[in-house]
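Novice: One line per chain: the protein sequences are A and B, in this order. With this note's numbering, letter number 101 in the first sequence gets 101, and the count goes up by one each step, no holes. One gets this note's numbering by counting positions in the second sequence from 1 and adding 1000 to each. First the structure, which I've put down as structure tokens, then a few questions once you've had a look.
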Amino acid sequence: MTGLIILLCIVMLAIVIIQIGKVTELTAQIRGEKDAQKESNEWNSKGLLIFGAVFLIFCVVSASYYRDDMLWYGVNESASVEGSSIDNLFNITLICTGIVFFITHILLFWFSYKYRGREGRTVLYMPHDNRLEMIWTAVPAVVLTFLVIAGLDTWNDVMADVKEGEDYIEIEANGMQFAWNLRYPGPDGKLGARDYKRITASNPFGQDFTDPKGLDDFYPDEIVLPVGKKVRVRITARDVLHNFYLPHFRTKMDAIPGIPTYWVFTPKITTEEYRQMLAKSDEWNEKMDPSDPESKTRAEMFNYELACAELCGKGHYSMRRVVRIVSQQEYEDWLKKQQSWYANNVHNKGGKVVINGKEESEDPFEGKVTPVDVVKDSTSTAVTVKKDSTAIAAPVKK
Amino acid sequence: MAYVTETGYNEEVLIKENGLNDHFHDHHHGDKFQSNFITTYIFSQDHKMIARQFLITGMFWAIIGAAMSIVFRLQLGFPEENMAWLRPILGKWITVDEAGMGRLAPEFYYALVTMHGTIIVFFVLTAGLSGTFSNLLIPLQLGARDMASGFLNMLSYWFFFLSSAVMLYSLFLSTGPFSGGWTAYPPLSALPQASTGSGTGMTLWLLSLTFFVVSVLLGGINYVTTVLNLRTKGMTLWRMPLTIWAFFLTAIIGILSFPVLVSGFFLLMFDRGLGTSFYLSEIFIGGKALENVGGSPILYQHLFWFLGHPEVYIIILPAMGLVSEVLSVHARKPIFGYKAMVMSMLAIGFLSFIVWAHHMFMSGVNPFISNFFVLFTLIIAVPSAVKVFNWIATLFGGNIRFNSPMLFAIGFVSLFISGGLTGIFLGNSAIDIPMHDTYFVVAHFHIVMGIAAFFGMFAGVYHWFPKMFGRFMNEMMGKIHFWGTIAGAYAIFWPMHYLGMAGVPRRYYRFDTFEAFKHFEDTNKFITVAAIIVFALQIVFVINFFYSIFNGKKVTDANPWGATTLEWTTPIEPGHGNWEGNLPAVERWPYDYGKNGREFIPQWEPLAAGEQDGGNH
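This is the structure in structure tokens:
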């Protein structure tokens, strides 16, 4: 019934519109086509002028309205060292394009109005003007050259991989439908080898545990990093494309099955500091629940987040992990609490994996050596512990 | 310009006085091919009928594609609302829980997004836009009887029809149509285990688009051949209207890039069906490790975007051509910088082939390679800027006739500026890091190649409707359509810039899973409401279109706009062969408006003694 009514309404509306059209056509015929065209010229040219003015004002007003929600010129400054140069580049580009946007729009709408059709107006016969065309080819070319140089300078800095001998933390983010698996290297500072064929429920990364580097690796459910220390994220995917996206760190890189990628960044603001920074803005001091004065503000609830930015299937929108940036001390405290995945979930658990059609044990040391010995072994021989090290041995309990 | 032929001077005089006699009517081809209903309206080989077929099929798809966007906008704007009322149309894709609460299934949300993109990009803005106007205008504006091959032209439409039919069928599959995004990146598109839409839906998607490419190639070869061989006497390349230049370059770009897309599709089909590993490597899915190793998903992205980027110029160049023509005719003033306009189109066409990887800055390609693509991408802004300034200069000093086609042409320029400038952000790889795959990108390409191309198309339809159907479209409805659409389109897409600048990713089913993205409920509601209004206004256009075919004001003057180009020398409703007698001969460039105190001097009027042809500079 409602469907019928809606249908009727649509038909009625269509008839009304057609009638309006018909009537205006008839009046135009009665008054003469020329007069009708003249009136159309007046109304529509004024309309364009007003539209142009309202549009440009609206642009400015809306840009300031959204200011503190945006990553750029508002309070949301880049939380990574590398991201700050991107922010600068964005703002420079915004100024350059903003000027062009306003000039061209003002000219477009002003000319439309000024040269609206009038009886007896003499048209300027100006098929071309080489000087003008030289100017508006050269000026954009110069501005764009500047933007290209500035852009590439920033790009090559941001994308640079870590150098030999540099001090950094390497972690791994592995995308799957529909979650991020996270892996830290453990006390030895090195991620262990993996083979996608070894993936099971108890071995989500498919680690090859014959590699001693991997025995101390642990899999936290949030990314915790110390402020001011370079991080290299090894980005991998288990099934389809994903994208490692940290909006506040200006980080985005595809995770590709079979082709590991990476991202290097240096967090510069801790989560706590960022909350305080946001609290300076009224926008962020709104309560989470406006009806409850006791509820926390948006700034207090703020967290850095990891998202997926490459369509990966029906759960694409839900691949969230929290990122916490903390002080060096807090980071070390947190590290102490982490436990080796192998020792807790694999060793002597009896897990099986099928490799090349043959079933074998997931644990190469099954029943042979205690995991404590294995892990000790790997840290003492294979790995040189760094000086300022975060490599405080994660206690491996049986 | 002297035109020397074998027989020399005498023929020249004869042509000037009588037009070019190509002996067309001695053979009566025209009537033989249009003798009954089927050969006239269905399997027609007449370019004007084929143009109308493309246009109406394109409009059908535009309505479907836009309606899909309304459904997914409802989900984004009002995720908590009951959608059970859509169940009669969408069936089981609306899941209704025990409380009677209907929700759009996430799989179907992604299917809608994917189909919306595929349909609008390929079926509406490629076939519907350049298919319609290339077919209509190339022979008419060049003074040709028809396309070089009427038969291939017919096949071109029917391959498009076949492609449409397959795609339409895929919408009704129980597993749904393809749902992995219009770019169809593997492995998601290669593995049925990864998504329900990647099963039969994807097979049909690939089949449909392969047919579509056949259609584009048949059409394109025809357009190029016609432009090169069937120009009438005196119609040198530098006397062609900008519309024809645009269609000509579009066709060349299409011929060079679409085959690459098909090769990419074929490899994908092999991976899907024959167990090859072009795009697949080290995948663990559905509890199993696949055997495929050594493939690269990035290879597909290269093959896809080698078409995908030229594709956006395949869409926008015809719109630019139409707008250049409409602006000049209704400003009663020559297009400013005709040769610069052609040169900038050539530059854009050339550069379009060496910028494809700017879609892939964040896809894991070597960052060093991106340097080149940044450079070439930002260089494209120069010819684009030249075009914009030339359009604005065309308005300067004119005597502008404001009607629906002109309004849409001016709207196009505004949209092209707004959308083009955001491209300067995205083309710079460093800024693309945070912007890639956010709503900023959505806003950018919808404004610059979606809405702008639609505006070009609308300008074209309103302007050439008298040529297509012998009647005018209703002006009042046209103006309602324009004002609502320009305001509404900006209302939809402008706020999306802010969403993107806040980091909100595109292709999200809902935003409340993330603290960072959930605070734009009001903005999303606003966008959805604006989208519904704009959609309703397009219905006004459709009503106007069909109403005017039968009841519009009749055209009484063969040249109703006072235009200079050849299509207005045909009878009001041209039959097969376009000109009843001899072909018109061309004597001058197509933009002599306001010259020597005359409102316009048509292309077929000889140059006065000592007069210089306007195009020669």
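Think of the CB as a built atom: it goes at the ideal place given N, C-alpha and C, for glycine as much as any other residue.
(1) Let me see if you follow: with CB-CB separation under 8 Å, is A/P267 close to chain B or not?
(2) Under 8 Å between C-beta atoms, does B/K1092 make it to chain A?
(3) Locate the beta strand (DSSP E) running through B/W1093, then write down its first and last residues.
(4) Would B/A1144 and B/T1236 be called neighbours here (beta carbons separated by less than 8 Å)?
(5) Got a sec: is the Cβ-Cβ distance from B/T1556 to anything in chain A below 8 Å?
(6) Per DSSP, A/R321 forms a beta bridge with which residues?
(7) With a cut-off of 8 Å, does the C-beta of B/W1483 fall near any C-beta of chain A?
(8) DSSP three-state label for A/L311, please.
(9) Please confirm whether B/G1594 has its beta-carbon closer than 8 Å to some beta-carbon of chain A.
(10) Between B/N1403 and B/G1197, what straight-line distance do the alpha-carbon atoms span, to the nearest angstrom?
(11) Have a look at the DSSP bridge pairing and note the partners of B/N1371.
(12) Give the secondary structure of B/Y1471 by DSSP, where H, G and I count as helix, E and B as strand, and everything else as coil.
(13) Is it the case that the Cβ atoms of B/I1314 and B/T1250 are separated by a distance below 8 Å?
(14) Starting from A/P226, trace the beta strand (DSSP E) both ways and give me its first and last residue.
(15) Under 8 Å, do B/F1541 and B/H1481 count as touching if we go by C-beta distance?
(16) Between which residues of its own chain and A/G206 is the CB-CB distance below 6 Å, once the five residues before and five after are set aside?
(17) Does the count of Cβ pairs from the segment 1074-1086 of chain B and the segment 1101-1115 of chain B closer than 8 Å reach three?
(18) Within 8 Å (strictly less), CB to CB, does B/S1328 reach chain A?
(19) Under three-state DSSP, which class holds A/D208?
(20) A/A160: which of B/Q1045, B/L1188, B/N1366, B/D1432 sits nearest, CA to CA?
(21) Please list, in chain order, all residues of the same chain as B/R1231 whose beta carbon is under 6 Å from its beta carbon, the five residues on each side excluded.
(22) Are the C-beta atoms of A/T93 and some chain B residue less than 8 Å apart?
(23) Could you work out which residue in A/M134, A/R118, A/W72, A/I223 is closest to A/I169 when comparing CA atoms only?
(24) Of all the options B/R1332, B/P1139, B/P1505, B/S1130, which has the alpha carbon lying nearest to the alpha carbon of B/L1076?
(25) Can you have a look at B/I1492 and say buried or exposed, based on whether 16 or more other CB atoms are within 10 angstroms of its CB?
(26) With 8 Å set as the bound, which would you pick, yes or no: does the beta-carbon of A/I18 sit closer than that to a beta-carbon of chain B?
(27) For the segment 1057-1090 of chain B, enumerate the residues whose C-beta is nearer than 8 Å to any C-beta of chain A, in chain order.
(28) Exposed or buried, B/F1108, counting other C-beta atoms within 10 Å across all chains shown (16 or more means buried)?
(29) Would DSSP call B/W1579 helix, strand or coil?
(30) So with Cβ pairs under 8 Å, would you call B/T1513 a contact of chain A?
(31) If contacts are defined as beta-carbon pairs under 8 Å, then A/N348 and A/E366 qualify, I think. What distance do you get, rounded to the angstrom?
(32) Residues in the segment 1425-1447 of chain B with C-beta within 7 Å of chain A's C-beta atoms, listed in sequence order?
(33) Of all the CB atoms in chain A, is at least one closer than 8 Å to the CB of B/H1519?
(34) Let me check one thing: in DSSP terms, what residues is A/H242 bridge-paired to?
(35) Mark B/R1598 as exposed unless 16 or more other C-beta atoms lie within 10 angstroms of its C-beta, in which case mark it buried.
(36) How would you label B/T1005, buried or exposed, when you count the other beta carbons within 10 angstroms and need 16 or more for buried?
Specialist: On the basis of the coordinates in this document:
(1) False, the Cβ-Cβ gap to chain B never drops below 8 Å.
(2) No, no contact with chain A.
(3) Looking at the DSSP string, B/W1093 is not in any beta strand (DSSP E), and its letter there is neither H nor E.
(4) It is not a contact, given that the beta carbons lie outside the stated cut-off.
(5) Answer no: the Cβ-Cβ gap between B/T1556 and chain A never drops below 8 Å.
(6) Looking at the DSSP output, A/R321 shares a beta bridge with A/L306.
(7) Contacts with chain A at 8 Å (Cβ-Cβ) include B/W1483.
(8) Coil.
(9) Chain A, which has a Cβ nearer than 8 Å to the Cβ of B/G1594, makes this yes.
(10) One Cα belongs to B/N1403, the other to B/G1197, and the distance between them is close to 45 Å.
(11) Here B/N1371 is not bridged, per DSSP, to any residue.
(12) With the sequence shown as reference, residue 1471 of chain B is identified as Arg, and Tyr is not the correct amino acid for it. DSSP places B/R1471 within a strand segment (E or B) once states are collapsed to three.
(13) Cβ distance < 8 Å, so B/I1314 and B/T1250 count as in contact.
(14) Unbroken beta strand (DSSP E) run through A/P226: 223-226.
(15) Less than 8 Å separates the beta-carbon of B/F1541 from that of B/H1481.
(16) Excluding residues within five positions, the ones whose Cβ falls inside 6 Å are R194, D195, Y196, R198, I199.
(17) Taking 8 Å as the limit for Cβ pairs, the verdict is that the segment 1101-1115 of chain B does touch the segment 1074-1086 of chain B.
(18) Interface annotation, B/S1328: not in contact with chain A, CB-CB separation never under 8 Å.
(19) Assigned with DSSP and collapsed to three states, A/D208 falls in coil, not helix or strand.
(20) Among B/Q1045, B/L1188, B/N1366, B/D1432, the Cα nearest to that of A/A160 belongs to B/N1366.
(21) These residues qualify, in order along the chain: L1142.
(22) With respect to chain B, the C-beta atom of A/T93 has a partner C-beta closer than 8 Å.
(23) The candidate whose alpha carbon is nearest that of A/I169 is A/I223.
(24) Comparing Cα positions, the closest option is B/P1505.
(25) With a threshold of 16 other beta carbon atoms within 10 Å, B/I1492 meets it and is buried.
(26) A/I18 counts as touching chain B.
(27) Per Cβ criterion, the list reads P1088.
(28) B/F1108 should be labelled buried.
(29) Three-state DSSP puts B/W1579 in coil, outside helix and strand.
(30) A Cβ of chain A is located within less than 8 Å of the beta carbon of B/T1513.
(31) Your pair A/N348 and A/E366 checks out as a contact, with CB atoms roughly 6 Å apart and the cut at 8 Å.
(32) Residues of the segment 1425-1447 of chain B with a C-beta atom less than 7 Å from some C-beta of chain A are F1425, N1428, S1429, A1430, I1431, I1433, P1434, H1436, D1437, listed in chain order.
(33) With 8 Å as the cut-off, B/H1519 counts as an interface residue toward chain A.
(34) DSSP output for A/H242 lists A/A255 as bridge partner(s).
(35) So B/R1598 counts as exposed.
(36) Note that B/T1005 scores a pLDDT of 47, beneath 50, so its modelled location is shaky; the value from the coordinates is reported in the next line. With fewer than 16 Cβ atoms within 10 Å of its Cβ, B/T1005 is classed as exposed.
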